[in-house]
Amino acid sequence: MHGFPREVRSWIYDFFYNEHSVAYLKIDAQLCIAAKGGSVEHYGLSSLRIGKPVAEQLEFMEGLLPCPELPYHMAMVELPSGRVADLHLFADNACVWLLFLDATAERDNRQRLQQKAYEMTLLQERERQLNEKLQLTNEALRQSQEGLSREYQRAESLLLNILPASIAERLKADEQIADNHAEVSVLFADIVGFTERARSVGAETTLAILNYFFKAADLLSERYGCEKIKTIGDCVMVVAGLPAARSDHAEALAHYALELRKAVKRERFAGEPIRLRIGIHSGPIVAGVIGKRRFAYDLWGETVNLAARIQTSAEPDEIRISDATRKLLGPNFACDPLAETELRGTGRVRMWRLPA
Numbered sequence: 001m002h003g004f005p006r007e008v009r010s011w012i013y014d015f016f017y018n019e020h021s022v023a024y025l026k027i028d029a030q031l032c033i034a035a036k037g038g039s040v041e042h043y044g045l046s047s048l049r050i051g052k053p054v055a056e057q058l059e060f061m062e063g064l065l066p067c068p069e070l071p072y073h074m075a076m077v078e079l080p081s082g083r084v085a086d087l088h089l090f091a092d093n094a095c096v097w098l099l100f101l102d103a104t105a106e107r108d109n110r111q112r113l114q115q116k117a118y119e120m121t122l123l124q125e126r127e128r129q130l131n132e133k134l135q136l137t138n139e140a141l142r143q144s145q146e147g148l149s150r151e152y153q154r155a156e157s158l159l160l161n162i163l164p165a166s167i168a169e170r171l172k173a174d175e176q177i178a179d180n181h182a183e184v185s186v187l188f189a190d191i192v193g194f195t196e197r198a199r200s201v202g203a204e205t206t207l208a209i210l211n212y213f214f215k216a217a218d219l220l221s222e223r224y225g226c227e228k229i230k231t232i233g234d235c236v237m238v239v240a241g242l243p244a245a246r247s248d249h250a251e252a253l254a255h256y257a258l259e260l261r262k263a264v265k266r267e268r269f270a271g272e273p274i275r276l277r278i279g280i281h282s283g284p285i286v287a288g289v290i291g292k293r294r295f296a297y298d299l300w301g302e303t304v305n306l307a308a309r310i311q312t313s314a315e316p317d318e319i320r321i322s323d324a325t326r327k328l329l330g331p332n333f334a335c336d337p338l339a340e341t342e343l344r345g346t347g348r349v350r351m352w353r354l355p356a
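Counted the way the UniProt record's numbering counts, the sequence shown spans residues 1 to 356.
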């Protein structure tokens, strides 16, 4: 190595010190190989022949020599052996030194880094796709949950339109609803002359009148704490004192009846104010939910039957109450006595008129 230029010797020592492989070629003025040494087998350079042109033996040297300006550096050159070297060419009087410094580890490390970067890119892209898919799934889930919530609220609203809230809760708990109530007041009310008037005004007006009537019945039920049980044609059935018992059930239903009569008079049906027949009776009843798919909350018992018969016996625009209801009202309501009346299936019944 004595013939190397000082800087070449320094690089070679540094390279050996760092346990790298190194090889060298000395190229004379005729561009033939004058000498070779170092790890020539390591680089696949052992077959190079002394005295023969270097370009004929190393294809990658074609056109490289003579170099226009030395020193000259070529980084990461693939050699015939499959290894990679950094090539350094130095001028030394009438010859050129070609130094091969091992860069295979660096190449491999770069490839590993590139592979890791590529894999990382793939992972990041996969993560992005999964996050996007997750976001879409979460959005679909959110919309589905909102839809379910809306449907649940709608179902709850429909259920509460059919049943009292406490009964609806018991029904959702799969409880069989069949209750005895010792003391309630039951009201029936229908529109006087409904059938004849409906025939003269047509379906649209008839439905509008019924909607007005039943909406008024609903609003007053909320005001006075009563329960509208059902509608039968143009007739409405309302009860006070259930599902929660109350001592003033007769008074609540009497106020309800007076306000209902007043409310419907504001509307005209076939050119005339709406008039009602209203009947109220107080006593024990059985209440429960019947049916499975089209279920209904209903009342049964003699109290219900007598309230219905009192209502059918009433005069237009009259609120009739039974003697039992009258006793519960006490002195707060000035009621007019009526003569005992024969009611079908019941016999003679004493009734009272509830004035405005």
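C-beta: ideal position from N, C-alpha, C; glycine also. Remember, predicted model here, so these are calculated numbers, not experimental data.
Which listed residue (the options) has its alpha carbon closest to that of residue i
i: Ala-105; options: Thr-341, Ile-285, Arg-83; result: Arg-83
i: Pro-53; options: His-42, Ser-46, Leu-65; result: Leu-65
i: Ala-198; options: Val-77, Ser-313, Glu-272; result: Glu-272
i: Arg-294; options: Ile-162, Asp-174, Ala-217, Leu-354; result: Ile-162
i: Gly-345; options: Glu-156, Asn-305, Met-76, Asn-211; result: Asn-305
i: Leu-338; options: Leu-329, Asn-109, Arg-353; result: Arg-353
i: Ser-46; options: Leu-31, Leu-25, Glu-59; result: Leu-25
i: Val-40; options: Phe-100, Pro-355, Ser-144; result: Phe-100
i: Gln-283; options: Ala-245, Leu-210, Pro-80, Gln-145; result: One point to set straight first is that residue 283 is Gly, not Gln, in the sequence displayed. Nearest option by C-alpha distance: Ala-245.
i: Asn-211; options: Gln-143, Gly-233, Ala-35; result: Gly-233
i: Gln-30; options: Glu-56, His-42, Gly-38; result: Glu-56
i: Lys-228; options: Leu-299, Thr-325, Tyr-118; result: Leu-299
i: residue 359; options: Cys-32, Gly-330, Leu-328; result: With the chain covering 1 to 356 only, the question about residue 359 has no answer from this structure.
i: Arg-170; options: Gln-145, Pro-331, Tyr-297; result: Tyr-297
i: Arg-223; options: Leu-207, Leu-258, Phe-194, Gly-202; result: Leu-258
i: Leu-89; options: Leu-134, Arg-49, Gln-114, Ala-23; result: Ala-23
Cutoff 6 Å; reference residue i; Cβ partners in own chain excluding five residues on either side
i: Ala-91; result: Leu-70
i: Lys-230; result: Met-237
i: Glu-342; result: Arg-348
i: Met-74; result: Leu-87
i: Ala-308; result: Phe-188
i: Val-184; result: Val-239, Gly-241, Leu-242, His-249, Ile-285
i: Pro-164; result: Glu-227, Pro-243
i: Ser-21; result: Ser-39, His-42, Asp-102
i: Pro-316; result: Val-192, Arg-275
i: Thr-312; result: none
i: Ser-166; result: Pro-243
i: Leu-141; result: none
i: Asn-93; result: none
Beta-ladder partner(s) of residue i, from DSSP
i: Phe-100; result: Ala-23, Leu-87
i: Thr-346; result: Partner(s): none; Thr-346 has no beta bridge.
i: Ile-50; result: Ile-50 pairs with nothing; no bridge assigned.
i: Ser-322; result: Met-351
i: Asp-336; result: Arg-353
i: Gly-37; result: Tyr-24
i: Ala-178; result: Gly-288
i: Glu-78; result: Val-84
i: His-73; result: His-88
Proximal residues to residue i (C-beta, below 7 Å), its chain only, five neighbours per side dropped
i: Phe-214; result: Thr-231, Val-236
i: Lys-172; result: none
i: Cys-226; result: Val-238, Val-239, Ala-240, Ala-252, Leu-253, Tyr-256
i: Glu-340; result: Arg-348, Val-349, Arg-350
i: Ser-200; result: Ala-270
i: Pro-80; result: Gly-44
i: Ala-103; result: Met-76, Val-84, Ala-85, Asp-86
i: Pro-355; result: Ala-334, Asp-336
i: Glu-78; result: Val-84
i: Thr-325; result: Ser-185, Ala-250, Ile-280, His-281, Ser-282
i: Met-61; result: Val-54, Ala-55
Sequence-distant residues of the same chain with beta carbon closer than 8 Å to residue i, five excluded per side
i: Ala-314; result: Arg-277, Ile-278, Gly-279, Arg-320
i: Thr-303; result: Val-184, Val-186, His-281, Ser-282, Gly-283, Pro-284, Ile-285
i: Cys-95; result: Lys-26, Ile-27, Asp-28, Ala-29, Ala-34
i: Arg-154; result: none
i: Ala-216; result: Leu-260, Ala-263, Val-264
i: residue 357; result: One cannot answer for residue 357 here, as it falls past the ends of the chain, which runs 1 to 356.
i: Glu-318; result: Arg-277, Ile-278, Arg-353
Exercise. Does the count of Cβ pairs from the stretch 170-187 and the stretch 277-292 closer than 8 Å reach three?
Worked result: By the criterion of at least three beta-carbon pairs nearer than 8 Å, the stretch 170-187 is in contact with the stretch 277-292.
For this session: Kindly confirm or deny that the stretch 263-274 and the stretch 243-252 touch, where touching means at least three C-beta pairs closer than 8 Å.
Result: No: the two stretches stay apart, fewer than three of their Cβ pairs being nearer than 8 Å.
Exercise. Going along the chain, which unbroken runs of the beta strand (DSSP E) with 3 or more residues stay wholly within the UniProt domain "Guanylate cyclase" (185-311)?
Worked result: With a minimum length of 3 residues, the continuous beta strand (DSSP E) runs that stay inside the UniProt domain "Guanylate cyclase" (185-311) are 227-232, 235-240, 276-290, 296-300.
For this session: Jot down the residue ranges of each uninterrupted beta strand (DSSP E) in the stretch 93-170, minimum 3 residues, whole runs only, in chain order.
Result: Runs found: 95-102.
Exercise. Touching or not, the stretch 138-158 and the stretch 185-202, by the rule of three or more beta carbon pairs under 8 Å?
Worked result: The stretch 138-158, when compared against the stretch 185-202, does not touch it at the 8 Å Cβ threshold.
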